[in-house]
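Asker:
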Amino acid sequence: MNKPAVTMKMLNSGVALVTLDLPDSKYNLLSERVLRDLIACLDQAASDKAVKGMVIHSGKPDNFVFGANIEEIQAVQNQTAKAAYDASNVGKEIFSKIEKMPFRVVVAINGICLGGGTEMSLACHYRIASNHPKTAIGLPEVKLGFIPGWGGTVRLPRLIGLPSAVLPPLPFLPKGIGWGGLLTGATADAHKAWRLGLVDETVEEAALLERAEQIALTGKVKRYVKPMKVRAVENFLTNTAAGRALVFKAAMAGVMKETRGKYPAPVDALKVAVKAVGNKAERAGAYEAESRAFGRLAVSAVSKNLVNIFFAQTESKKARNNAAPALKIKKVGVIGAGVMGAGIAQAAAYAGYDVVLKDIKQEALDAGMATVKGLFDGLVAKKKLSATEGASRLAAVKGTLDYADMADCDMVIEAVVEVMKVKKIVLADLEKVIKKPFIFATNTSSLSISEMASGARNPELVVGVHFFNPVHKMPLVEIIYGDTTSDAAAASAQEFSLKLGKTTVFCLDRAGFIVNAILTPYLLEAVRLLEQGVAAEDIEKTMQSFGMPMGPLTLLDEVGLDVAGHVARVLHNAFGDRLNPPTILKKVDEAKLVGKKGGEGIYAYAEGKRAGINPKVQAWVTAQPVKKQRGEIQDRLALAMVNEAARVLESGIVSDPRTLDLAMIFGTGFPPFLGGPLRYADSVGIKVVHQKLEMLSKVAGENYAPCQLIKDMAARGQAFYQD
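Position one of the sequence shown corresponds to residue 11 (our numbering), numbered consecutively onward.
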């Protein structure tokens, strides 16, 4: 007989203690099974006149409810908007039962409380949260392309006020107003939730259930009392038509700035929230508006793409072949104190590792240590670390010029110049001082892991660990297998990267790996368009409109023209003339223009700020100015990525389309709402993609000739994804 996911027992005080504890799972999810068991407990308690109150809590040590079961939501997505609308109403009915119970219902939150868990808590009469370090309350549904559908979009602004529900802290708002979690998916810790009014009280973890029981019996809580000015402004902005109009305008401006209109969920959440606190007629229709918006959004292409990314990210945390890590990593060495090396060192120290940062020159080492300190100072300034914590983490990074200081490292990451001979010398030098087995991780962006491992003492422990610049901002790490890399070594590299908060993808050894192999043709074509007389502004705006976070020419300057040029040369040598760099890129290299970091690249810079196209570069454009339609520019650039993505998949270095798309989204900012280049290709239609590539190969160059995989899929009427 299956163990129930929700149980209830009567306490001596007459309070019914309801425990959520999904069997065989680290987390509680509001699946159909959990909701069914919850209904049974609610009905039993409601019919028992001896029940004087109810406390709902979790049997898990660090989470209340992680949210709804996304697999069940995905099943609804494959149906109709009506099915999603009905699912929304079913959840509302269940939580309405809680709201209408004939006694006080208190939710006791310990640890993570997200999505449906937060919606459940909002339906309870009282909310109390522990000060557990993992306590975080929020509604992340907009990150999956839909809105809270079980009443949360309506109840949240009614509870904490409209401005705090939909606006971040803004200069014109009094301190104490502003969070915006409904539109951003942000979470609040216990203290923040208490000051917002999201919870009524916070307590020590050990006292949580006892205090919740008391509240269920008495209804007396120690709510945070907001200053009079805050209450007055909150009341005006929530309960008057003029105030709501101001909030709507400010919130909509923020949403449009952040999403550029590509993500409809925050807009619908805002509209429902305003209706929820509106006049009597508007309030009455708020729950219906929420259900309709949820139904429409849940089956949209944007939501399906975002849910696909969610699953890809979840899968990416698993070790390949379920391998156990080869080594337990405690101390990390980083060789090369440049921008990448210093960034990796700081990220490792921030994650709790002891770090040794080495360079060959004192001035370079000093600059690297200054970079590490600057990054920690920034975290202190943003109040993500206390001054004491910042100093402690900085002290965990030891700078050195001597390999001997790395003798007890369990993992060493090299971030030296991109020259194979140099990297091999580094490995050989390390093997002289580190006598025990250690992971040698190379941060190369394009060189062969297999060649680097040749001659190593333990070639199975040599692995690619490719971070992206800037390390503290870019979330992806590519973990690359050489011919001899063991699953256990890759698992060690993954465990380390995950501890740094990164998203990881595995791939095999091939020039450019996943991201640079796909990104490079895109960047080359952008320069080629510039060379052919297309205005830089048209190129940039087209791809920003497509959804890229910045235009390709800007990206080149940000990455560094020296780095991009090196990768382009490696790929040209590996794959031939289809990746022959355009003339301007070669001239940029000859002129030693490196981009923004050097003050001069595709663009000119004055005091670090862009000052228009670089006159030198403009002089190298010999073609007459030409005006191309945005659609043509978009096809030239987006389909360059699609074609190369198909080639990468065809090569077998990446296991599946989902992993490749995840890598491009987290490694380049490819628009998440489009789902990645292969998901995008499916939405366009593989036959259409094939036709467009054939046409482009005739007018823009043979480099657009569709790869064999696209030809075969178009002929068979297939897609990259089967859903």
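Cβ atoms here follow ideal geometry from the backbone N, Cα and C, with glycine treated the same way.
Look up D497 in the DSSP assignment and give the residues it is bridged to.
Answerer: For D497, which the question treats as bridged, DSSP gives no partner whatsoever.
Asker: Mapping the DSSP letters down to three states, classify I108 as helix, strand or coil.
Answerer: Residue state, collapsed to three classes: helix.
Asker: Taking C-beta to C-beta, are V432 and G353 nearer than 8 angstroms?
Answerer: No, Cβ-Cβ distance for V432 and G353 is not below 8 angstroms.
Asker: Could you pull the start and end residues of the alpha helix (DSSP H) that H576 belongs to?
Answerer: Looking at the DSSP string, the run of the alpha helix (DSSP H) that includes H576 is L571 to F585.
Asker: Measure the alpha-carbon distance for K19 versus T128 and round it to whole angstroms.
Answerer: Their backbone Cα atoms lie some 23 angstroms apart in a straight line.
Asker: Going by DSSP, what residue range makes up the beta strand (DSSP E) through S68?
Answerer: Run containing S68: G63 to S68, per the beta strand (DSSP E) assignment.
Asker: On the CB-based measure, 16 or more other CB atoms within 10 Å of its CB, does A200 come out buried or exposed?
Answerer: Its Cβ being crowded by 16 or more others within 10 Å, A200 is buried.
Asker: Would you give the residue range spanned by the alpha helix (DSSP H) that V658 belongs to?
Answerer: Taken as a continuous stretch (DSSP letters only), the alpha helix (DSSP H) holding V658 covers R640 to S661.
Asker: Given N713, which residues of its chain have a CB within under 6 angstroms of its CB, disregarding the five upstream and five downstream residues?
Answerer: The residues are R588.
Asker: My parser needs the beta strand (DSSP E) runs of 3 or more residues fully inside the stretch 134-192; what are they?
Answerer: Complete beta strand (DSSP E) runs here, min 3: 136-140 and 146-148.
Asker: Taking the alpha carbon of V116 as the reference point, which residue from I138, G125, L124 and V100 has its own alpha carbon closest?
Answerer: Minimum Cα distance to V116 is reached at I138.
Asker: How far does the beta strand (DSSP E) with R233 in it extend, from its first residue to its last?
Answerer: Unbroken run through R233: none, as it is neither H nor E.
Asker: Go through its chain and collect everything with a Cβ distance to K607's Cβ below 7 angstroms, but skip five positions before and after it.
Answerer: Counting only Cβ-Cβ distances below 7 angstroms, and skipping sequence neighbours, we find G570.
Asker: Identify the continuous beta strand (DSSP E) that holds H201 and give its terminal residues.
Answerer: No beta strand (DSSP E) holds H201; the alpha helix (DSSP H) holding it covers A200 to L206.
Asker: Using beta-carbon positions only, say whether A501 and P335 come within less than 8 angstroms of one another.
Answerer: Yes, Cβ-Cβ distance for A501 and P335 is below 8 angstroms.
Asker: Going straight from the alpha carbon of A545 to that of R205, what length do you get?
Answerer: Rounded to whole angstroms, A545 to R205 spans 51 angstroms at the Cα level.
Asker: Flag this pair as yes or no: are the beta carbons of L124 and G148 separated by less than 8 angstroms?
Answerer: The answer is yes: Cβ separation under 8 angstroms.
Asker: Who pairs with Y491 in a beta bridge, going by DSSP?
Answerer: Paired residues: V473 and L518.
Asker: Along the chain, where does the beta strand (DSSP E) that runs through M266 open and close?
Answerer: Careful: M266 lies outside any beta strand (DSSP E), inside the alpha helix (DSSP H) at A251 to T269.
Asker: Taking I594 and V537 to be in contact with their CB atoms under 8 angstroms, please state how far apart those CB atoms are, rounded to whole angstroms.
Answerer: Yes, I594 and V537 are in contact; Cβ-Cβ is about 5 angstroms, under 8 angstroms.
Asker: Skipping 5 residues on each side, what residues in its chain have a beta carbon closer than 6 angstroms to that of E611?
Answerer: According to the sequence displayed, residue 611 carries Gly and not Glu. So the list reads D567, L571, L603 and G605, once near-sequence residues are dropped.
Asker: Three-state secondary structure (DSSP) at G727?
Answerer: Coil, per DSSP.
Asker: Short of 7 angstroms in beta carbon distance, which residues of its chain neighbour A601, apart from the five on each side in sequence? Order them along the chain.
Answerer: Once the five neighbours on either side are set aside, the close Cβ partners of A601 are K626.
Asker: What three-state label does DSSP hand D96 in the structure shown?
Answerer: Looking at D96 - three-state DSSP - the assignment turns out to be helix.
Asker: On the premise that E215 lies in contact with S140, defined as a C-beta separation below 8 angstroms, what is that separation, rounded to the nearest angstrom?
Answerer: That belief holds up - the Cβ atoms of S140 and E215 are roughly 4 angstroms apart, short of 8 angstroms.
Asker: Find the nearest neighbour of N249 within the set P635, T454 and V284, judged by alpha-carbon distance.
Answerer: Checking every option, the nearest Cα to that of N249 belongs to V284.
Asker: Roughly how many angstroms separate the alpha carbons of N99 and G288, rounded to a whole number?
Answerer: When rounded, the distance between both Cα atoms is 21 angstroms.
Asker: Let me know the beta strand (DSSP E) ranges lying completely inside the stretch 500-560, each 3 residues or longer, listed in chain order.
Answerer: Taking only runs of at least 3 residues, the beta strand (DSSP E) segments lying wholly in the stretch 500-560 are 513-518.
Asker: Put L124 into one of helix, strand or coil per three-state DSSP.
Answerer: DSSP places L124 in strand when its eight states are reduced to three.
Asker: Determine contact between the stretch 150-159 and the stretch 308-315, defined as no fewer than three beta-carbon pairs at a distance below 8 angstroms.
Answerer: Taking 8 angstroms as the limit for Cβ pairs, the verdict is that the stretch 308-315 does touch the stretch 150-159.
Asker: Specify the secondary structure class of V209 as computed by DSSP and reduced to three states.
Answerer: Note: V209 maps to coil in three-state DSSP.
Asker: Using 8 angstroms as the threshold, is the C-beta distance between N315 and P682 below it?
Answerer: A contact, by the Cβ cut-off of 8 angstroms.
Asker: Between E300 and the rest of its own chain, which residues show a CB-CB distance below 6 angstroms, the 5 nearest in sequence each way excluded?
Answerer: Excluding positions up to five away in sequence, the list reads T163, V164 and V282.
Asker: How would you label N526, buried or exposed, when you count the other beta carbons within 10 angstroms and need 16 or more for buried?
Answerer: By the neighbour-count rule (16 or more Cβ atoms within 10 Å), N526 is buried.
Asker: So, are the CB atoms of A15 and D47 less than 8 angstroms apart?
Answerer: Yes, the Cβ-Cβ distance between A15 and D47 is below 8 angstroms.
Asker: Taking only the alpha-carbon atoms, compute the straight-line gap between E441 and Y532 and give it to the nearest angstrom.
Answerer: Cα to Cα, E441 sits roughly 39 angstroms from Y532.
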